[in-house]
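One gets the numbering used here by counting positions in the sequence shown from 1 and adding 80 to each. Ideal placement from N, C-alpha and C gives every residue a C-beta, glycine not left out.
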Amino acid sequence: MRGKVDSLTLRRPDDWHLHVRDGAMLKAVIGHTARQCARAIIMPNLVPPVTTVEMALAYRQRILDALPAGSDFQPLMTLYLTDNTRVDELEKAAAHPHIYAVKLYPAGATTNSDSGVTDIFKIDHLVAALVETGLPLLVHGEVVDPAVDIFDRERVFIERILSPLLARHPNLKLVMEHITTAEAVKFVSEQGDNIGATITAHHLLYNRNAMLVGGIKPHYYCLPVLKRESDREALLEAATSGNPKFFMGTDSAPHTRNAKESACGCAGAYTAYAALELYAEAFDSVNALDKLEGFTSLHGPAFYGLPPNEDTVTLRREDWTAPTAISLENGESLIPLRAGETLHWRCCVNG
Numbered sequence: 081m082r083g084k085v086d087s088l089t090l091r092r093p094d095d096w097h098l099h100v101r102d103g104a105m106l107k108a109v110i111g112h113t114a115r116q117c118a119r120a121i122i123m124p125n126l127v128p129p130v131t132t133v134e135m136a137l138a139y140r141q142r143i144l145d146a147l148p149a150g151s152d153f154q155p156l157m158t159l160y161l162t163d164n165t166r167v168d169e170l171e172k173a174a175a176h177p178h179i180y181a182v183k184l185y186p187a188g189a190t191t192n193s194d195s196g197v198t199d200i201f202k203i204d205h206l207v208a209a210l211v212e213t214g215l216p217l218l219v220h221g222e223v224v225d226p227a228v229d230i231f232d233r234e235r236v237f238i239e240r241i242l243s244p245l246l247a248r249h250p251n252l253k254l255v256m257e258h259i260t261t262a263e264a265v266k267f268v269s270e271q272g273d274n275i276g277a278t279i280t281a282h283h284l285l286y287n288r289n290a291m292l293v294g295g296i297k298p299h300y301y302c303l304p305v306l307k308r309e310s311d312r313e314a315l316l317e318a319a320t321s322g323n324p325k326f327f328m329g330t331d332s333a334p335h336t337r338n339a340k341e342s343a344c345g346c347a348g349a350y351t352a353y354a355a356l357e358l359y360a361e362a363f364d365s366v367n368a369l370d371k372l373e374g375f376t377s378l379h380g381p382a383f384y385g386l387p388p389n390e391d392t393v394t395l396r397r398e399d400w401t402a403p404t405a406i407s408l409e410n411g412e413s414l415i416p417l418r419a420g421e422t423l424h425w426r427c428c429v430n431g
């Protein structure tokens, strides 16, 4: 599909890395994802974190209750891994039809990760249980060592944590989430079919200049942070390569405006309101729209052993203005990425 394309119909996508929070924020954002995506892997980093099957099922019901009337969206639930997680809880999760993965946050790595894993060797028995059950491990791939530069945390994680982990457990099914560097692209590409990676739209579209040049722009601040232009180019090459190891995971992470625009602003970019449009813009920038359906709609289901969706969405080349803010029912607001700016594609859900 080379040359200028003005309309593109795809199988309905899935989001393999999504934050929807809870309460008023959940009610404000869940409809955006449900409109475009049939399914999404839901992140468990609430307060308190979702550490048990019982908690995950209760959270799933709150998500279903918050959906717009008539929605057929299905939340795919995950458990939050801690130093104290029990093997029998993982076995219970693997046997449950609504639990699809377990999430590893290094303690202190990102939003609501204080309860995360403090030492990967402390949970080696849990990783062995995941291998035994086949339940995927989703990894936030950054070290939290204060001596490591924030722009190098992903690379060092691969060297210190991930490579040794996979050497000990070569059959572990693992997703390295929201990869941000050329080193991560190379690492994932060289692994077996049991290793995959998600890539966000904002890491495909922007480098760190977007966050830092001309003043600090807090709504571009996310973790892992935006990296160098050479890293962005490597991510875009991977996403548009057709390699099934790489698939859509928005890491859309809503925070209130006050939480973002503060002296210690929260990490996270809210992109779910126009996820597919932003990915289309990235793919279009390198004339690779023919690879978009694989990345958004086929590779992820194949990795998770699920069928692709049968219904479709259509993208049309059309300029429109992103909302300047999204209101929450408690009176607060959320500022989306690209607020008030022009987007160049519009997604229409087919009947």
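{"query": "In whole angstroms, what separates the C-alpha of T351 from that of L358?", "result": "8 Å"}
{"query": "Measure from the alpha carbon of D331 to the alpha carbon of each residue in P177, R119 and H258, then state which is nearest.", "result": "H258"}
{"query": "What is the rounded straight-line gap between the Cα of I200 and the Cα of A349?", "result": "28 Å"}
{"query": "Are the stretch 330-346 and the stretch 104-115 in contact at 8 Å, needing three or more beta carbon pairs?", "result": "yes"}
{"query": "Give the list of continuous alpha helix (DSSP H) stretches no shorter than 4 residues that lie fully inside the stretch 110-195.", "result": "133-146 and 167-175"}
{"query": "Which residue's Cα is closest to the Cα of G150: G111, H97 and D168?", "result": "G111"}
{"query": "Going by beta-carbon coordinates alone, are V432 and A136 separated by less than 8 Å?", "result": "Only positions 81 to 431 of the chain appear in the structure, and residue 432 is not among them; the question remains open."}
{"query": "Tell me the DSSP bridge mates of I406?", "result": "L414"}
{"query": "Skipping 5 residues on each side, what residues in its chain have a beta carbon closer than 6 Å to that of T89?", "result": "T392 and T394"}
{"query": "According to DSSP, is I279 part of a helix, a strand, or is it coil?", "result": "strand"}
{"query": "Is it buried or exposed, G380, if we count other Cβ atoms within 10 angstroms and call 16 or more buried?", "result": "buried"}
{"query": "From V223 to K307, what does the alpha carbon distance come to, in whole angstroms?", "result": "16 Å"}
{"query": "Just confirm the distance between the C-beta atoms of K183 and L218, as a whole number of angstroms; I'd bet it's less than 8 Å.", "result": "5 Å"}
{"query": "Would you kindly work out how many angstroms separate the C-alpha atoms of A405 and P93, rounded to a whole number?", "result": "25 Å"}
{"query": "Let me see if you follow: with CB-CB separation under 8 Å, is G188 close to chain B or not?", "result": "Among the chains in the structure shown there is no chain B, since it carries only a single protein chain."}
{"query": "Grouping DSSP H, G and I as helix and E and B as strand, with all else coil, what is L386?", "result": "coil"}
{"query": "Which residues in the same chain have their Cβ closer than 7 Å to the Cβ of N251, if we skip the five residues on either side of it in sequence?", "result": "V211 and N274"}
{"query": "If I measure Cβ to Cβ from V265 and keep anything under 6 Å in the same chain, skipping five residues before and after, which residues do I get?", "result": "A314 and A318"}
{"query": "State the Cα-Cα distance for the pair L316 and V305, rounded to the nearest angstrom.", "result": "16 Å"}
{"query": "DSSP puts C428 in a beta bridge; with which residues?", "result": "T394"}
{"query": "Report back the beta-carbon spacing between V268 and A262 to the nearest angstrom; my notes put them in contact at under 8 Å.", "result": "About 11 Å separates the two Cβ atoms, so there is no contact after all."}
{"query": "When the Cα atoms are used, what is the spatial distance from L378 to H283?", "result": "20 Å"}
{"query": "For the stretch 318-329 and the stretch 360-370, state whether three or more C-beta atom pairs, one from each stretch, are separated by less than 8 Å.", "result": "yes"}
{"query": "Determine whether the beta carbon atoms of I122 and M157 lie at a separation below 8 Å.", "result": "yes"}
{"query": "Kindly indicate the opening and closing residues of the alpha helix (DSSP H) around D273.", "result": "D273 -> no alpha helix (DSSP H), and no H or E assigned at all."}
{"query": "Report the rounded CA-to-CA distance for A146 versus A227, giving the unit in angstroms.", "result": "42 Å"}
{"query": "Measure the C-alpha to C-alpha separation of A173 and T401 and round it to an integer number of angstroms.", "result": "42 Å"}
{"query": "Between E409, I230, T260 and R115, which has its C-alpha nearest Q154's C-alpha?", "result": "R115"}
{"query": "If we count the other Cβ atoms within 10 Å of its Cβ and call it buried at 16 or more, is D439 buried or exposed?", "result": "Absent from the model: residue 439. The displayed extent of the chain is 81 to 431, so no value can be given."}
{"query": "Is it buried or exposed for V207, if we count other Cβ within 10 angstroms and need 16 for buried?", "result": "buried"}
{"query": "Can you look up M81 in the DSSP assignment and give me helix, strand or coil?", "result": "Low confidence applies here, because M81 scores a pLDDT of 47, under 50, leaving its location unreliable and the question unanswered by this model."}
{"query": "Might you give, ordered along the chain, the residues of its own chain that have their beta carbon closer than 6 Å to the beta carbon of S87, omitting 5 neighbours on each side?", "result": "R396"}
{"query": "Looking only at its chain, what residues have a beta carbon closer than 8 Å to the beta carbon of R288, apart from the 5 residues adjacent to it on each side?", "result": "F231, V305, L306, K307 and R308"}
{"query": "With a CB to CB cut of under 6 Å and the five nearest residues on each side skipped, what residues in its chain are close to E412?", "result": "T336"}
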